[in-house]
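*Asks:* Have a look at this one.
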Amino acid sequence: MAGRLVVALMAQPCTLATPPSAVAAISLKLSRAAILRPPPSYAPPSLSTRTIAMNINSQEQQQDNLDGIFKQKRILRSKVRKALKAMDPTLRSHEDNAIQSIVLEAPWFRSCQRLCAYICCSALREVDTSNVLSAILQSPLKEGDAQVRKKLYVPRVEDKNCHMRMLNISCIDDLVANSMNILEPAPIDADGNEREDVLQASDPVDLFLLPGLAFDRSGRRLGRGGGYYDTFLKNYQELAKTRNWKQPLLVALSYSVQILDEGVPVTPHDILVDALVSPAGVIPISPAALDRMRP
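See the structure below:
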């Protein structure tokens, strides 16, 4: 056999023995790789993805909060409407006269030169303003007279998208009934001229006399749900700030049953009032009201 190479063919597979130490090393290496390397399908969320998710959650939470506030408002509106409907007509008339007398005799009203005031609607059971408006429109207009006639702007609703204007009138005859039988100023006067819009006026107003459905003693106001006054007041306040004007005093007129001990629910878009006038007297709330309504 010397000098020959012998090759043995094996008909059955064979397994080569691996030393125990090598097996242990291989196992340890695989274990470490499995721990340190994430599965191929896993990708940690990026910062932007997490931020978007947080923003969505925050927006959903805010919307839930707003929905809750709107629900509270609807419940409160129903409650106050029932209280107003149940109000004795004689008591209502007494409170109307008392509130208007307080306004007419108040120094902050007598000293104002330009103001916006609402035209009351009996169907909505708003505090009457007819005596106040008549006193304004019939006041003296003489050069050098200390009691010069005040300039009055009253609301006109333009559409159902919270668009309301405040237009100047000089007499009660300037008012016409709209589709809801609420008196409003016609956009054109008897001479064919456009009425002055308070947002286009060259001088600021001193005072707003505001309606509302309910109020609390912190100045929170519950409207009727249209958003007309909140939208208009925000626009006027921004205009006054832009022109460096003194902000007008926002005074709401309220029957006694409309002033609530519990807080009125509000959203960030709701405008607070500076003071309330009830049959019992003036309730100054804001620092501006406390300063300007001193006895």
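Note that the sequence shown covers residues -17 to -1, 1 to 278 in mature numbering (1 follows the signal peptide of the UniProt record, and there is no 0).
For each residue, glycine too, the CB sits at the ideal point set by N, CA and C.
#1: Rounded C-beta distance between Arg204 and Leu255? I'm assuming under 8 Å.
#2: Find out if the Cβ-Cβ distance for the pair Leu87, Asn114 is shorter than 9 Å.
#3: Going by CA-CA distance only, name the one from Lys134, Cys154 and Pro168 that's closest to Arg148.
#4: Using the Cα positions of Leu190 and Arg93, report the straight-line distance between them to the nearest angstrom.
#5: By DSSP's criteria, Ala184 is part of a beta bridge. Which residues make up the other side?
#6: Once the 5 residues before and after Asp253 are set aside, which same chain residues still bring their CB inside 6 Å of it?
#7: Report the three-state DSSP secondary structure of Asn151 (helix, strand or coil).
#8: For Cys95, collect the residues of the same chain with a Cβ closer than 7 Å to its Cβ; drop the 5 residues on either side in sequence, then sort them by chain order.
#9: Decide if Gly246 is buried, meaning its Cβ has at least 16 other Cβ atoms within 10 Å, or exposed.
#10: When DSSP labels each residue in this structure, what does Arg139 get in the three-state scheme?
#11: What residue from Ala118, Ala197, Asn151 and Pro270 has the CA that sits closest to Val63's CA?
#12: In the DSSP assignment, find the unbroken beta strand (DSSP E) run with Ile266 in it and report its ends.
#13: Alpha carbons only, please: which of Cys104, Gly202 and Glu43 is nearest the one belonging to Pro248?
#14: If you follow the beta strand (DSSP E) that Glu167 is in, where does it begin and where does it stop?
#15: Cα separation between Asp180 and Gln42?
#16: Assuming contact is defined by CB atoms lying nearer than 9 Å, are Arg178 and Asp172 in contact in what I supplied?
*Replies:* Quick answer:
#1: 7 Å
#2: Contact flag set, yes.
#3: Pro168
#4: Rounded to whole angstroms, Leu190 to Arg93 spans 11 Å at the Cα level.
#5: Per DSSP, Ala184 has no beta-bridge partner at all.
#6: Asp213
#7: strand
#8: Lys133, Asp189 and Leu190
#9: exposed
#10: strand
#11: Ala197
#12: For Ile266, the enclosing beta strand (DSSP E) covers residues Gly264 to Pro267.
#13: Ranking Cys104, Gly202 and Glu43 by Cα distance to Pro248 puts Gly202 first.
#14: Leu166 to Pro168
#15: Note on geometry: alpha-carbon atoms of Asp180 and Gln42 lie some 37 Å from one another.
#16: yes
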